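**Q** Note that the protein sequences, when read in sequence, are chains G and A.
One rule links them: number in this note's numbering = place in the first sequence (from 1) + 2.
One rule links them: number in this note's numbering = place in the second sequence (from 1) + 2.
There are 2 protein chains.
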Amino acid sequence: MAEIATIERIGQFVDEKVTLRGWLFNKRSSGKIRFLQIRDGTGSIQAVLVKNEVSPSTFAVADTVTQESSLVVTGVVRADDRAVGGHELQVSDIQVIQVAEDYPITPKEHGPAFLLDHRHLWLRSAKQHAILRIRSHLIQAAREYLHQEGFVLFDAPILTPTACEGTSTLFETDYFYGETAYLSQSGQLYAEAGAMALGKVYTLGPTFRAEKSKTRRHLTEFWMLEPEVAYADLQDILSLAEELVSHLVNSVLTHKSEELRTVGRDLDKLRLVVPPFPRITYDEALDLLRQRGMAMKWGNDFGATEDTVLSEQFDLPVMITHYPVQAKAFYMKSDPDNPNLALCLDMLAPEGYGEIIGGSQREDDYHQLLEKLAAHRLPREPFEWYLDLRRYGTVPHAGFGLGIERTIAWICGIKHLREAIPFPRMLQRIYP
Amino acid sequence: MAEIATIERIGQFVDEKVTLRGWLFNKRSSGKIRFLQIRDGTGSIQAVLVKNEVSPSTFAVADTVTQESSLVVTGVVRADDRAVGGHELQVSDIQVIQVAEDYPITPKEHGPAFLLDHRHLWLRSAKQHAILRIRSHLIQAAREYLHQEGFVLFDAPILTPTACEGTSTLFETDYFYGETAYLSQSGQLYAEAGAMALGKVYTLGPTFRAEKSKTRRHLTEFWMLEPEVAYADLQDILSLAEELVSHLVNSVLTHKSEELRTVGRDLDKLRLVVPPFPRITYDEALDLLRQRGMAMKWGNDFGATEDTVLSEQFDLPVMITHYPVQAKAFYMKSDPDNPNLALCLDMLAPEGYGEIIGGSQREDDYHQLLEKLAAHRLPREPFEWYLDLRRYGTVPHAGFGLGIERTIAWICGIKHLREAIPFPRMLQRIYP
Numbered sequence: 003m004a005e006i007a008t009i010e011r012i013g014q015f016v017d018e019k020v021t022l023r024g025w026l027f028n029k030r031s032s033g034k035i036r037f038l039q040i041r042d043g044t045g046s047i048q049a050v051l052v053k054n055e056v057s058p059s060t061f062a063v064a065d066t067v068t069q070e071s072s073l074v075v076t077g078v079v080r081a082d083d084r085a086v087g088g089h090e091l092q093v094s095d096i097q098v099i100q101v102a103e104d105y106p107i108t109p110k111e112h113g114p115a116f117l118l119d120h121r122h123l124w125l126r127s128a129k130q131h132a133i134l135r136i137r138s139h140l141i142q143a144a145r146e147y148l149h150q151e152g153f154v155l156f157d158a159p160i161l162t163p164t165a166c167e168g169t170s171t172l173f174e175t176d177y178f179y180g181e182t183a184y185l186s187q188s189g190q191l192y193a194e195a196g197a198m199a200l201g202k203v204y205t206l207g208p209t210f211r212a213e214k215s216k217t218r219r220h221l222t223e224f225w226m227l228e229p230e231v232a233y234a235d236l237q238d239i240l241s242l243a244e245e246l247v248s249h250l251v252n253s254v255l256t257h258k259s260e261e262l263r264t265v266g267r268d269l270d271k272l273r274l275v276v277p278p279f280p281r282i283t284y285d286e287a288l289d290l291l292r293q294r295g296m297a298m299k300w301g302n303d304f305g306a307t308e309d310t311v312l313s314e315q316f317d318l319p320v321m322i323t324h325y326p327v328q329a330k331a332f333y334m335k336s337d338p339d340n341p342n343l344a345l346c347l348d349m350l351a352p353e354g355y356g357e358i359i360g361g362s363q364r365e366d367d368y369h370q371l372l373e374k375l376a377a378h379r380l381p382r383e384p385f386e387w388y389l390d391l392r393r394y395g396t397v398p399h400a401g402f403g404l405g406i407e408r409t410i411a412w413i414c415g416i417k418h419l420r421e422a423i424p425f426p427r428m429l430q431r432i433y434p
Numbered sequence: 003m004a005e006i007a008t009i010e011r012i013g014q015f016v017d018e019k020v021t022l023r024g025w026l027f028n029k030r031s032s033g034k035i036r037f038l039q040i041r042d043g044t045g046s047i048q049a050v051l052v053k054n055e056v057s058p059s060t061f062a063v064a065d066t067v068t069q070e071s072s073l074v075v076t077g078v079v080r081a082d083d084r085a086v087g088g089h090e091l092q093v094s095d096i097q098v099i100q101v102a103e104d105y106p107i108t109p110k111e112h113g114p115a116f117l118l119d120h121r122h123l124w125l126r127s128a129k130q131h132a133i134l135r136i137r138s139h140l141i142q143a144a145r146e147y148l149h150q151e152g153f154v155l156f157d158a159p160i161l162t163p164t165a166c167e168g169t170s171t172l173f174e175t176d177y178f179y180g181e182t183a184y185l186s187q188s189g190q191l192y193a194e195a196g197a198m199a200l201g202k203v204y205t206l207g208p209t210f211r212a213e214k215s216k217t218r219r220h221l222t223e224f225w226m227l228e229p230e231v232a233y234a235d236l237q238d239i240l241s242l243a244e245e246l247v248s249h250l251v252n253s254v255l256t257h258k259s260e261e262l263r264t265v266g267r268d269l270d271k272l273r274l275v276v277p278p279f280p281r282i283t284y285d286e287a288l289d290l291l292r293q294r295g296m297a298m299k300w301g302n303d304f305g306a307t308e309d310t311v312l313s314e315q316f317d318l319p320v321m322i323t324h325y326p327v328q329a330k331a332f333y334m335k336s337d338p339d340n341p342n343l344a345l346c347l348d349m350l351a352p353e354g355y356g357e358i359i360g361g362s363q364r365e366d367d368y369h370q371l372l373e374k375l376a377a378h379r380l381p382r383e384p385f386e387w388y389l390d391l392r393r394y395g396t397v398p399h400a401g402f403g404l405g406i407e408r409t410i411a412w413i414c415g416i417k418h419l420r421e422a423i424p425f426p427r428m429l430q431r432i433y434p
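1) Does residue 435 (chain G) get closer than 8 Å to chain A when you measure Cβ to Cβ?
2) Would DSSP call residue 313 (chain A) helix, strand or coil?
3) What three-state label does DSSP hand residue 279 (chain G) in the structure shown?
4) Provide the residue span of the alpha helix (DSSP H) that contains residue 237 (chain A), from first to last.
5) Within 10 Å of its beta-carbon, does residue 110 (chain G) have 16 or more other beta-carbons around it, so buried, or fewer, so exposed?
6) Counting only Cβ pairs nearer than 8 Å, list the residues of chain A close to residue 126 (chain G).
7) I'd like to know whether the C-beta atoms of residue 7 (chain A) and residue 22 (chain A) end up nearer to each other than 8 Å.
8) For residue 171 (chain G), would you say it is in contact with chain A, using Cβ-to-Cβ distances shorter than 8 Å as the test?
9) Residue 82 (chain G) and residue 89 (chain G) look like a contact to me (Cβ under 8 Å); what is the Cβ gap, rounded to whole Å?
10) Measuring only the C-alpha atoms, how far is residue 143 (chain A) from residue 253 (chain A)?
11) Helix, strand or coil, according to DSSP, for residue 1 (chain A) in the structure here?
12) Counting only Cβ pairs nearer than 7 Å, list the residues of chain G close to residue 95 (chain A).
13) How many angstroms separate the CA atom of residue 307 (chain A) from the CA atom of residue 192 (chain A)?
14) Which one of A:251, A:280, A:125 and A:101 has the shortest CA to CA distance from residue 268 (chain A)?
15) Would residue 79 (chain A) and residue 35 (chain A) qualify as a contact pair, given that the criterion is a beta-carbon distance under 8 Å?
16) Less than 8 Å separating the beta-carbons of residue 85 (chain G) and residue 48 (chain G)?
17) State the DSSP-derived secondary structure class of residue 61 (chain G), mapped to helix, strand or coil.
18) If I follow the unbroken beta strand (DSSP E) through residue 226 (chain G), where does it start and stop?
19) Beta carbons nearer than 9 Å to chain A: which residues of the region 378 to 394 of chain G have them?
20) What runs of the alpha helix (DSSP H), each 4 residues or longer, lie entirely inside the region 139 to 218 of chain G?
21) Does any CB atom of chain G fall closer than 8 Å to the CB of residue 214 (chain A)?
22) Within the same chain, show all residues whose beta-carbon is closer than 7 Å to that of residue 97 (chain A), passing over the 5 residues directly before and after it, in chain order.
23) At a Cβ threshold of 8 Å, is residue 141 (chain A) touching chain G?
24) Which residue spans inside the region 7 to 86 of chain A form an unbroken alpha helix (DSSP H) run of at least 4?
25) What are the residues of the region 396 to 407 of chain A that lie near chain G, defined by any Cβ-Cβ distance shorter than 9 Å?
26) Of all the residues that make up the region 219 to 242 of chain A, which are near chain G by a beta-carbon distance shorter than 9 Å?
27) How is residue 441 (chain A) classed by DSSP in three states: helix, strand or coil?
28) For residue 218 (chain G), which residues of its own chain have a beta-carbon under 7 Å away from its beta-carbon, when the five flanking residues on both sides are left out?
29) Tell me, which residues are paired with residue 337 (chain A) by DSSP?
30) Around the C-beta of residue 383 (chain G), are 16 or more other C-beta atoms found within 10 angstroms, so that it is buried, or is it exposed?
31) Under 7 Å Cβ-Cβ, which residues of chain A neighbour residue 433 (chain G)?
32) By the criterion of Cβ-Cβ separation under 9 Å, what are the contact partners of residue 131 (chain G) in chain A?
33) Can you have a look at residue 381 (chain A) and say buried or exposed, based on whether 16 or more other CB atoms are within 10 angstroms of its CB?
34) I want to verify the contact list: residues of chain A whose CB lies under 7 Å from the CB of residue 183 (chain G), in sequence order.
35) Considering only C-alpha positions, which residue in the set A:265, A:225 and A:284 is nearest to residue 130 (chain A)?
36) Closer than 8 Å, CB to CB, is residue 115 (chain A) near chain G or not?
In structure tokens:
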């Protein structure tokens, strides 16, 4: 019996007989030869049937199988530089598992609504397949990097008792006995408790925003990586952000270059992503915007438009620091040299992709934090546990959140976040 | 300046001067010597101050610092076989970051409600710290194992449009425009779509059950690892389950033995966990229960009591297969040799810990699946996308779900799941 192989590792079996288990995604014929394009989840390969070399029934199969039919194909692996992936399969036998019905996604163009309605099938298309393999690699590379750096995984809860940053963008659910729980928008506050216990922690899980935004940069459910480090300041976290992001880009370039080619990414642009990244202050960013004719009042946070313009000015991700405190969240520490500025960073991906990271040094002083809660008109009681972290052995600490889908969209060069996650959730989309 | 070190790696700095940044968790004095127990998140060490070897103000610090005060300690690392961890620090300088207020968790016994109310601080205790480090290691070891085996991470959505297995244990939330979304109870159905696209996938994320159960084995929010494999049958998935679980136990034994000792685990019992695991059928399990005086009608699923008794019969995890179809979910494939039985498995951890895995070969035939939906009185329409997976290139496939907290509880030898996750969510508990 032939060994069962995967297309990803087909190069190990040159001139050997193997069995592949997969699906037909395309075919063509030329006289007495049939070419079947087979995918098996790990890659794709051309399987070649020559009329005189297989049984008549096997040859006939090639004419009856339809797109996405499942089949088990046996043959000899041939190295062939002209073939996609460098190999093809000289078929001796085909076992059809199922002849698929008329497959709805054809090589012709489909609109996004149709493709999203068929997301469970669209995943099989070459580009979506490549994006999801890059996603898998990127997330695992991030985890491995952080573990090597001594971080401990610290899963933050999804069901939370408080509406930390206002209830307008929160999903809520009935808990028991009349209580209400909210779906987490960030694991950060919990990660801070983790950092005080474990030193260096990270969370990586789904987060939720019930935003009525229909832009290509919004999902209602998205994954976020949030490292949090005890005894760290803004400078430490700037270095970590820069090292992590450049490591991720480099790792995808090294291990997923074929997938990047499949999605049509310009690899040269990614190869530029090497530290140090440019660092500018909010004030400098404001000047840049003004030079481009975008008048903006000091004090406001940048929106998507400003982020896009700023990120187009650089070939590398740019880190913007020292935003006005009034533009940022209550938990950020103020700059001791200028209390109007927060010790924070946003990282914008280049080429107009915009924000992929937001972070800060945290307010570690109990009394300052109380004042900040009051200034943001937040109630004290639900934050008592968070205040405890400043009562009992407070230390300087800092962290950030990296948006997984935004990072994938940038690295893959895709404009809409909906392709960066298996089943995107958007304003008008929870099916399938 | 002394190098900044972590306690975990202190062995690299014997006879060198280093700086540690952490918290005081205990202290004692003996004449002209003060012993400070310092933790830094990576481990703990005894710091020794000798009156004549430090400045009077530094020596005085040792008398004023309280439990959980944050401090930066500089000194020379000495190897000492009598010390916990094999090293101690001969202090030359202490910088106090904050003298903590009266810390609520003292070495005396506290009740579980008190500890859970202070979970954000309880995490710092030696046992909780050890469990969370084991959790971090175990999850990463599982991911690395699956990636090495060619699996692709495939994050399933949390917000889902359908109440797949009845609405009684579902959390729901208002989506937009009057729609309702449910929090996922399992990523499996989505992982099946992933397996048809990518061959071998896994999900690892939070899942939710709104069960009104107050047992030590229930959390309303828990993490689940769900591998799903195309072209796999029940036998394949039994092997995968056995290999994965034994790998996890072995990896924790190898890399986290100190943490296992901290939680008081009997390591010899874990060392037994080597394949092959015993495999019995549901019928054989029923016989075992009857021999122990537990009469049970054929056809019902086992509950926590039966699982406990069964799992006490084995030194290894036991895999129980071929349950009655009526006891199991609609998506399981029936045994072609006996359609009353499902091609399924439950894995029970030994020592009475009970179920850690549930899985099956999936129904891959379109018409059979339609019948099963009807037999379970489930509507067809919300499952149209799932039925598509049987219309377009269906293949045999199988998978399982491994409960992360249950696996951690078993490996750590703790009776209650609430200690196996940073912030447990239970019937009466969503704070902090």
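From the three backbone atoms N, C-alpha and C, an ideal C-beta is built for every residue, glycine too.
Since the structure is predicted, the reported quantities are computational estimates derived from the model, not experimental observations.
**A** Judging by the given coordinates:
1) Shown here, chain G extends from 3 to 434; a query on residue 435 (chain G) therefore has no answer.
2) helix
3) coil
4) Secondary structure note for residue 237 (chain A): its alpha helix (DSSP H) is the uninterrupted segment 236 to 257.
5) Flag for residue 110 (chain G) reads exposed.
6) Here the neighbours are 198 and 199.
7) yes
8) no
9) So it is a contact: roughly 6 Å between Cβ atoms.
10) 7 Å
11) There is simply no residue 1 (chain A) to check, as chain A begins at 3 and stops at 434 in what is shown.
12) The contacting residues do not exist; residue 95 (chain A) stays about 16 Å from chain G at best.
13) Taking the straight line from one Cα to the other gives about 31 Å.
14) A:251
15) In this structure, residue 35 (chain A) does not lie closer than 8 Å to residue 79 (chain A) by Cβ.
16) yes
17) helix
18) Residues 223 to 232.
19) 384, 386, 387, 388, 390, 391, 392, 393 and 394
20) 190 to 200
21) yes
22) 73 and 74
23) yes
24) 58 to 66
25) 396, 397, 398 and 406
26) 222, 223, 225, 232 and 233
27) A query on residue 441 (chain A) cannot be resolved here, the shown segment of chain A reaching from 3 to 434 and no further.
28) The residues are 417, 418 and 419.
29) A:340
30) When all chains shown are included, residue 383 (chain G) counts as exposed.
31) Think of a sphere of 7 Å around the beta carbon of residue 433 (chain G): the chain A residues whose beta carbon falls inside it are 163, in chain order.
32) From the beta-carbon of residue 131 (chain G), the residues of chain A found nearer than 9 Å are 199 and 200.
33) exposed
34) 432
35) A:265
36) no
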